[in-house]
């Protein structure tokens, strides 16, 4: 747990040093979205956060997916986080994974169509959401989208409040739409 606190401090330091531009101002939740020019900075942030073999294995397996989505969520107080992946090329094969178990998730035909529509025109960008308001049980969220075997979206939020900042950025809106559809299917 001590190492995770240190990682949060490192993340905040890196985020202050490597910002490219703020694409949305602070809101009621006192959050802002920062767009990064270097995706590797974000990768380094979250790979330092979790060193467990489960974490490394799941990211490695996602690297094999050509077109897909990954959502990792860690909530403070739990030993491990959860992974939710969708492989678009395997008829939207969706899996929710914990350290010792896995569950398949069915995606509806309409949602597959809507996800594919948002996915088609995504541009390569990396986002970091930072907030001053911290929940009692902070969450870490990592969202990644791959297109044609290349990562096109990284979204990293070490504070929860996922997508709490409404955005006028078209690419961000498409990404948010994809993950909202995925999340809705996850809880069916």
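In my numbering, the protein residues as written are -9 to 178.
In this text, a Cβ means the ideal position worked out from N, Cα and C, and glycines have one as well.
Small disclaimer: the values here were computed from a predicted structure and weren't measured.
Let's test the definition: count the other Cβ atoms within 10 Å of the Cβ of residue 168 and tell me whether it reaches 16, buried, or not, exposed.
The count along the chain shown starts at 1 and reaches residue 168 at position 178. Counting Cβ neighbours within 10 Å, residue 168 comes out buried, since at least 16 surround it.
Taking the alpha carbon of residue 74 as the point to measure from, which residue in 61, 171, 82 has its own alpha carbon closest?
Here residue 74 corresponds to residue number 84 of the chain shown, with the count starting at 1. Measuring from the Cα of residue 74, the nearest candidate turns out to be 61.
With a 10 Å radius around its C-beta and 16 neighbouring C-beta atoms as the bar for buried, classify residue 45 as buried or exposed.
Counting from one through the chain shown, the residue named residue 45 turns up at place 55. By the neighbour-count rule (16 or more Cβ atoms within 10 Å), residue 45 is buried.
Beta-carbon proximity check, residue 65 vs residue 129, cutoff 7 Å
Position 75 of the chain shown, counting from 1, holds the residue named residue 65. Position 139 of the chain shown, counting from 1, holds the residue named residue 129. Yes. Within cutoff.
Which residues DSSP lists as bridging residue 137, in chain order
The residue you call residue 137 lines up with position 147 of the chain shown. Paired residue(s): 140.
Does the distance from the CB of residue 77 to the CB of residue 55 come in under 7 Å?
To locate residue 77, count along the chain shown from 1; it is residue 87. To locate residue 55, count along the chain shown from 1; it is residue 65. Yes, Cβ-Cβ distance for residue 77 and residue 55 is below 7 Å.
Looking at residue 101: is its Cβ nearer than 7 Å to the Cβ of residue 23?
Walking along the chain shown from the start, residue 101 turns up at place 111. Walking along the chain shown from the start, residue 23 turns up at place 33. Not closer than 7 Å, so no.
Thinking C-alpha only, which one of 112, 142, 161, 59 is nearest residue 86?
Here the question's residue 86 lines up with position 96 in the chain shown. Among 112, 142, 161, 59, the Cα nearest to that of residue 86 belongs to 59.
Beta-carbon contacts of residue 174 that lie in its chain and below 8 Å, excluding the five residues immediately before and after:
Start at 1 with the first residue of the chain shown, and residue 174 comes out as number 184. Around residue 174: 101.
Can you tell which of 79, 136, 89 has the C-alpha that lies nearest to the C-alpha of residue 216?
Residue 216 is absent from the model: the chain starts at -9 and stops at 178.
Return the CA-CA distance between residue 166 and residue 158, expressed in angstroms with no decimal places.
Reading the chain shown from its first residue, position 176 is the one you call residue 166. Reading the chain shown from its first residue, position 168 is the one you call residue 158. Spanning the two alpha carbons is a distance of roughly 12 Å.
Are the Cβ atoms of residue 164 and residue 98 separated by less than 7 Å?
Taking the chain shown and counting its residues from 1, one reaches residue 164 at position 174. Taking the chain shown and counting its residues from 1, one reaches residue 98 at position 108. Not a contact, by the Cβ cut-off of 7 Å.
Out of 48, 139, 136, state which residue places its alpha-carbon closest to the alpha-carbon of residue 91.
If you number the chain shown from 1, residue 91 lands on position 101. Closest option to residue 91, Cα to Cα, is 48.
Taking the alpha helix (DSSP H) that residue 84 falls in, what are its first and last residues?
Translated into the one-based positions of the chain shown, residue 84 becomes position 94. Not the alpha helix (DSSP H): residue 84 falls in the beta strand (DSSP E), residues 83 to 87.
Would you mind listing the alpha helix (DSSP H) stretches within the region 42 to 69 that are 4+ residues and don't spill past its ends, in chain order?
43 to 53
Cα-Cα separation, residue 121 to residue 148
Locating residue 121 in the chain shown gives position 131, counting from the first residue. Locating residue 148 in the chain shown gives position 158, counting from the first residue. Taking the straight line joining both Cα atoms gives about 9 Å.
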